[in-house]
Amino acid sequence: MLLYDNPTWYKDAVFYELYVRAFRDGNGDGHGDFKGLLAELDYLQELGVDCVWLLPIFPSPLVDDGYDVADYYGIHEDYGTLDDFKAVVDGLHARGMYIIVDIVVNHTSDQHPWFIESRSSKESPKRSWYVWSETDQKYRHARIIFIDTETSNWTYDETTAEYYWHRFYSQQPDLNYDNPDVQQEMLDIITYWLDLGIDGFRVDAAPYLIEREGTNCENLPETHDYIKRMRAHVDNRWPGRILLAEANQWPEDVRPYFGDNDEFNMAFHFPLMPRLYMALKQRSRKCIVDILQRTPEIPALAQWCIFLRNHDELTLEMVTEEERQFMWEQYAPEPRMRQNLGIRRRLASLLDNDRRQIELLNALLFSLPGAPIIYYGDEIGMGDDVWRHDRNGLRTPMQWKNTKHGGFSDADTLYEAVLDDDVFGYQHLNVQQQKVDPDSLWNTLRHMLRVRKRFCAFGRGTFAFALPENEAVLAYWRQMDGSQDDYAPSGEGECMLVLANLTGENQQTMLDLTAYMGKTPRDVLKNEVWPPVQDGQYPVNLAPYAFHWLQF
Ligand code: GLC
153 MLLYDNPTWY
163 KDAVFYELYV
173 RAFRDGNGDG
183 HGDFKGLLAE
193 LDYLQELGVD
203 CVWLLPIFPS
213 PLVDDGYDVA
223 DYYGIHEDYG
233 TLDDFKAVVD
243 GLHARGMYII
253 VDIVVNHTSD
263 QHPWFIESRS
273 SKESPKRSWY
283 VWSETDQKYR
293 HARIIFIDTE
303 TSNWTYDETT
313 AEYYWHRFYS
323 QQPDLNYDNP
333 DVQQEMLDII
343 TYWLDLGIDG
353 FRVDAAPYLI
363 EREGTNCENL
373 PETHDYIKRM
383 RAHVDNRWPG
393 RILLAEANQW
403 PEDVRPYFGD
413 NDEFNMAFHF
423 PLMPRLYMAL
433 KQRSRKCIVD
443 ILQRTPEIPA
453 LAQWCIFLRN
463 HDELTLEMVT
473 EEERQFMWEQ
483 YAPEPRMRQN
493 LGIRRRLASL
503 LDNDRRQIEL
513 LNALLFSLPG
523 APIIYYGDEI
533 GMGDDVWRHD
543 RNGLRTPMQW
553 KNTKHGGFSD
563 ADTLYEAVLD
573 DDVFGYQHLN
583 VQQQKVDPDS
593 LWNTLRHMLR
603 VRKRFCAFGR
613 GTFAFALPEN
623 EAVLAYWRQM
633 DGSQDDYAPS
643 GEGECMLVLA
653 NLTGENQQTM
663 LDLTAYMGKT
673 PRDVLKNEVW
683 PPVQDGQYPV
693 NLAPYAFHWL
703 QF
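Under the numbering used here, the residues of the sequence shown are numbered 153 to 704, in order.
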């Protein structure tokens, strides 16, 4: 099977974000590892995953779960060896699946030998690999991201009596991208991993590479210049491999990260995510419509990545102050549920474990413009534990069975205990049980993914809102109208209408289907035929939280 025959494979792909430590323990030491993951590749394939994204896999003191890298050329010892990793890469490729890994470009761990050397003296050859200053008064316009723990982006280092710059934890000093050696080193790291056969990277914290006085130190032109170098480097030697941007920014600020097909292939759509939840509580599509109408077109080869949840707190950075308060009140009533500018809860618990709402948001995730990403465990509706340290409550072991530790490991103690509460505990919530139950969340989502894959329009089609009078109804068209890129594998003329009731009550509305007179829509999820369109106005009656994918 030739993986890169279609160089835009990522447009149609379903992504699955996975934390190796949390997925499956293959050697019984209480930590998930590559052996464990290898044993579950069939599971991922069965679910319908096309591309796996791994959280950082490098040696790390784990102050920030691997986002504090101590060696970019190694594998964390808990996860196994480089050969174990290669077996996972080969295993995925053999199944026609892809793999991208997180690369932390902006900063390293303070335990990285580069930083140890850098901080050792002002004359050290690695001094200028990091951002040092005599004062902590520079770059005052840069916001602090981890506001719960950090009070400044500068930390004083006694050895040389200077401050070093960090956008995240103080144990994560920022690399200095004004230094050409740093720029080159990161390209060498990219080379190393692509040569090992991976299909690309999720590029962590992309907006913060460069600092300039008088700016907020985000999205600077010099940062974009470097990303262009990265993309050219990848495209030249490894066509078909991708760079996915983590740029938690407003749509108009993310748009430049796609460049002119010469920066990122993909970028997360951060502002859309909280609005999917907000729309439910506001009982109105308005916020979703507003943000997507505000989203600029992206280049032909680019694709959004859309998601409901990930390994971080549900970020509320890309909302207004008022919207953030609303989200906190609605979805994080207990103070402990809040973290930084976000909410440390998983999808199912945010939605009160209500199957209808969980399915509804997934139905939107799988049909809105972009490639969907599933966060491991959300396919079975795993819960969280807000009382654990930092974001650990969202990173608990995958629940495979109703046996000891949820079948994750046979060790006595785990890196983090499996959930065992009354609602979300492994005893009643696990993969094994859901796979045999045809009505389970797992089987329902798997069915949706299979249907999604039959229609190119979801990954590549044009997008347009239908705006019926009733604002509780979200409706949009996905269509293959010939304007798509040349790589669309099929799907000519496909025309889909997605309907969703954002409320827990019945909703009626009229759709203007004048352009579809005489057509008979078919609900492709339920495989049901709807009444033909007889005159322009088409009445619809939607059950609580109902959704339909109608093919015309
Ligand atoms: C990204 C990661 C987050 C991490 C941070 C610092 O935002 O998603 O988990 O803490 O970068 O690397």
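Idealized CB from N, CA, C, for every residue including glycine.
The DSSP-derived three-state label of Q482 is helix. Taking a cut-off of 8 Å for Cβ pairs, the stretch 441 to 458 and the stretch 479 to 490 do not touch, as fewer than three such pairs fall below it. Cα atoms of Q659 and W317: separation of roughly 53 Å, rounded to the nearest angstrom. Residue pairing for L694: DSSP places it in a beta bridge opposite Q659. When G559, G392, E475 and V406 are compared, the shortest CA-CA separation from K433 is found for E475. Of all C-beta pairs linking the stretch 602 to 614 to the stretch 637 to 645, three or more are shorter than 8 Å, placing the two stretches in contact. With 16 or more other Cβ atoms inside 10 Å of its own Cβ, D254 counts as buried. Bounds of any beta strand (DSSP E) do not take in P590, whose DSSP letter is neither H nor E.
The alpha-carbon of L348 is positioned some 24 Å away from that of L214. Note on geometry: alpha-carbon atoms of R407 and H421 lie some 10 Å from one another. A distance criterion of 7 Å places the beta-carbon of V256 in contact range of the ligand GLC, judged by its closest non-hydrogen atom. In summary, E363 is buried, with 16 or more beta-carbon neighbours lying within 10 Å of its beta-carbon over all protein chains present. The alpha helix (DSSP H) runs lying completely inside the stretch 187 to 213 and spanning 4 residues or more are 193 to 199, given in chain order. At a Cβ-Cβ threshold of 8 Å, A357 and E398 count as neighbours. In the three-state scheme derived from DSSP, where H, G and I count as helix and E and B as strand, S285 is classed as strand. Listed in chain order, the beta strand (DSSP E) elements of length 3 or more contained wholly in the stretch 367 to 417 are 394 to 397. Rounded to whole angstroms, the gap between the alpha carbons of Q631 and D675 is 16 Å. Assigned with DSSP and collapsed to three states, D664 falls in strand. D202 and F615 have their alpha carbons spaced roughly 23 Å apart. Here DSSP, grouped into helix, strand and coil, assigns L566 to coil. Inter-residue distance for L493 and M382 is about 30 Å (C-alpha atoms, whole angstroms). F610 carries a helical assignment under DSSP once its states are collapsed to helix, strand and coil. The beta carbon of F320 sits closer than 7 Å to at least one heavy atom of the ligand GLC. Setting aside the 5 residues that flank it on each side, S280 is surrounded in the same chain by N328 and N331, each with a C-beta closer than 7 Å to its C-beta; the list follows chain order. Taking C-alpha positions only, H700 is separated from T472 by approximately 31 Å. Counting the other Cβ atoms within 10 Å of the Cβ of H541 gives fewer than 16, which makes it exposed. The three-state secondary structure of N653, taken from DSSP, is strand. Annotated as distal: Y527 and G558, with beta-carbon spacing of 8 Å or more.
Look at P524 here: in three-state DSSP terms it is strand. Closest in C-alpha terms to P620, from the list T661, D638 and Y224, comes T661.
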